[in-house]
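These notes concern the structure reproduced below.
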Amino acid sequence: MTNTTNANLFSRLFDDLDDAARLAIETPEGDHISYGDLIAFAGRIANVLVARGVKPGDRVAAQTEKSVPGLVLYLATVRAGAVYLPLNTAYTLNELDYFISDAEPSLIVCDPSRAEGFASLAAKVGAKVETLGADGKGSLTDAAAKEKPDFATVARADGDLAAILYTSGTTGRSKGAMLTHDNLASNSLSLVSYWRFTDKDVLIHALPIYHTHGLFVASNVTLFARASMIFLPKLDPERIITLMARVTVLMGVPTFYTRLLQSANLTKESTAHMRLFISGSAPLLADTHREWFARTGHAVLERYGMTETNMNTSNPYDGERVPGAVGQALPGVSVRVTDPETGKEMAPDTIGMIEVKGPNVFKGYWRMPEKTKAEFRDDGFFITGDLGKIDAKGYVHILGRGKDLVISGGFNVYPKEIESEIDAMAGVVESAVIGVPHADFGEGVTAVVVSDKNAGLTEAGIIAALDGRIAKFKMPKRVFFVDDLPRNTMGKVQKNVLRDTYGKIYAK
Ligand code: AMP
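Residues in the sequence shown are numbered from 138 upward in steps of one, following the numbering used here.
Next comes the structure, spelled out in C-alpha cells:
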C-alpha cells in the first residue's frame, strides 16, 4: 500500500509494486533477481544495519567492487533512513582517511582485502566494519542471510538526506554533496518520462555504482520504470554488442561510444533492437556523435548533469539531438547563463557561467556552510562551475569547467573552441587545450593532441593550420603529441594531470 506521508526514496520506488516476480537485475553469471527478491534482500541488509547500530541520519560508507549486493546495500541504507556514502574504488587508504574523518560514518563496508586497512580509520570515528567482495560474499551478506526479509521502511521527509557523494575534487578538497530523498526521486521520475522508459526496457548497466551516473541515473531510472538491467562489472565492448540483440538501452560515458566504435561488429544490424543510446558525464565529441549515427543509424542522446545537481539538461527524445550540445533544461529545472563576475543573466549565445535551480539541486556541501553559501546565488541558483551558452532554441552548449578557462595576456580563451578546431583536422583523434604558467602572458595556451600515427602531423603543421582560423591570442604556443589523454574512470579528461605534466614548459 502506498504510504503517502513517507517520502523515503525506497517507499517511492517500491510501495506500489504490483508484480513481485518481475525481473529487476540479471548478472553475467546467470542470476535473475526479481523486484520481490530485491526488496527482501534490502530488508535483510537493513536489519543488519540496524543490528550494527545504524540509526536514521547516520552515514553508511561503502568502498566495494560492483555487485548486486553492493547496489542492495544502497537501497537498504536508504530504507533504514540512513545516508549512503559510496566511495570510488580507486581511492587509497591514505585518501580514504579524509572521507572517513569528514563523514564520520557509523558503519563502513569494504572489500575483504581492505578490512585490516579500514580498521584503524574506523576506530578513529567509532565506526563498525563489514566486508563485501566483488563476488557478493563477505561478512555483510553472511549476516544478511541470517536476518528476516521484513523491514518497516523508515519514514523520511523530502528534504532528509539519502546520500552523500564526494565530488571528484580535481582542485582543492573533495566536497560531500548532500542529496535528499526528493532530489533523487524527482530527478529519476522526470528522466523516466523524458526518456520514455517502460517496463519493457532492458538496460545494459556497465557503469560503476559509486558515481551519480551508474548509481542514480542508471539504477533509479530502471527501478522506477519497473524495467530490468543487466549488470556488467565494467565496459566490455564485444559483450555489450552481443547483448544488444536483447536489450533496449545503453547508458555510457563517451569512452563507451569511442570504444564500441572500434569494433567491426558495431553495425546497423547489431544495434537494430536498441531503442536508445545515452551519453553523459563528459563531453561526447561531435565527431563521435556523427560517426555513431553513420554506423548504426542511432543518434546518441547526450545529457548533462553533475554530482551536486543530478541531471539538468537532455537532448530530446523526439526532437533534434544536436551533436556537441547537451540539450534543453529538463522539466522543472531552470538553467541560465550569467556573467561570472556580476551574476547578471547573459543574452542567448553568449558565453558565461551555467547556473541551475530545481528539485534536482542538492542541499549543500556536508559540513561546509561557507562553501555552500558561496556556490549559491541569493535567488537559489547553484553556480555549476561549468562555462557555456544557451542557443536560441534553448540548447545548452558546454565549453568546459571554469577552472579550465585559459587567461592569456588578459584575454579569455575557451579551450573547447581551440579543441574543436584541432579535432576537425585530418588525422587528429582528439585534443585537450590547457593553460600553463607563462612569464609574459600569465598563461600560455598549450595543446595536447592524440593523432593517427600514420597522419604525420607535426607541431608546426597544427599551428600553421590554425593560423587565420583563430585570433592570435588564442593560438597554442606549443603543441604536444601523446598516445592517449589521461582520463578518470568516468571518462573525463584530467586537465589537472596535463597541467602538472606541462607546468614548467614556459619557465624561464
Ligand atoms: P560529476 O560530478 O563527476 O558527474 O561531474 C560533473 C561535471 O561533468 C559537470 O559539471 C560537467 O563539467 C561534466 N559533464 C557532465 N556531463 C557532461 C556532458 N554531457 N558534456 C560535457 N560535460 C559534462
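Where is the CB? At the ideal position from N, CA and C, for every residue including glycine. Nothing here was measured: the structure is a model prediction, and the numbers come from that model.
**Q.** Leu302 versus Val573 - alpha carbon distance
**A.** 31 Å
(Q) Helix, strand or coil for Asp523? Go by DSSP, reduced to three states. (A) strand
Q. In the DSSP assignment, what are the bridge partners of Thr408?
A. DSSP lists no partner for Thr408.
Q: Locate the alpha helix (DSSP H) running through Leu146, then write down its first and last residues.
A: Leu146 to Phe151
Q. Once you ignore the five residues that flank Asp239 on each side, which residues in its own chain have a CB closer than 8 Å to its CB?
A. For Asp239, where only same-chain residues beyond five positions count, the Cβ hits under 8 Å are Gly313, Trp503 and Arg504.
Q. With 16 as the cutoff for other CB atoms within 10 Å, does Ser365 come out buried or exposed?
A. Label assigned to Ser365: buried.
Q: Label Pro420 either buried or exposed according to how many other C-beta atoms from any shown protein chain fall within 10 Å of its C-beta, with 16 as the threshold for buried.
A: By the C-beta density criterion, Pro420 is buried, having at least 16 other C-beta atoms within 10 angstroms.
(Q) Within a Cβ cutoff of 6 Å, which residues of the same chain sit near Tyr441, ignoring the five residues on either side of it in sequence? (A) Asn449, Thr450 and Val463
**Q.** Range covered by the alpha helix (DSSP H) that runs through Val329
**A.** His318 to Tyr331
**Q.** Selected residue, minimal CA-CA separation from Gly640, among Gly628, Asn625, Lys629 and Phe617
**A.** Gly640 has its Cα closest to that of Phe617, out of Gly628, Asn625, Lys629 and Phe617.
Q: Throw me the rounded Cβ distance for the Ala198 and Pro242 pair, which I believe falls under 8 Å.
A: About 4 Å; that satisfies the 8 Å criterion.
Q. From Arg149 to Val390, what distance separates their C-alpha atoms?
A. 28 Å
Q) DSSP on Asp455, reduced to helix/strand/coil? A) In the structure shown, Asp455 falls within a coil segment according to DSSP collapsed to helix, strand and coil.
(Q) Using C-beta distances below 6 Å, list every residue in its chain close to Gly531, excluding the 5 sequence neighbours before and after it, in chain order. (A) Gln465
Q | Identity of the residue in Arg396, Ala382 and Thr425 nearest Lys405 by Cα | A | Ala382
Q | Sequence-ordered residues whose beta carbon comes within less than 7 Å of a heavy atom of ligand 1 | A | Thr304, Ser305, His348, Thr349, His350, Ser416, Gly417, Ser418, Ala419, Pro420, Leu421, Glu439, Arg440, Tyr441, Gly442, Met443, Thr444, Glu445, Val463, Thr521, Gly522, Asp523, Ile535, Arg538, Met627 and Lys629
**Q.** Cβ pair Phe518, Lys494 closer than 7 Å
**A.** yes
Q: Give the DSSP-derived three-state secondary structure of Asn143 in the structure shown.
A: In this structure, Asn143 counts as coil in the three-state DSSP scheme.
Q: Quick one: using the 10 Å Cβ neighbour count with 16 as the cut-off for buried, is Ala260 buried or exposed?
A: exposed
**Q.** Contained alpha helix (DSSP H) runs [length at least 4] in the segment 553-636, N- to C-terminal order
**A.** With a minimum length of 4 residues, the continuous alpha helix (DSSP H) runs that stay inside the segment 553-636 are 596-603.
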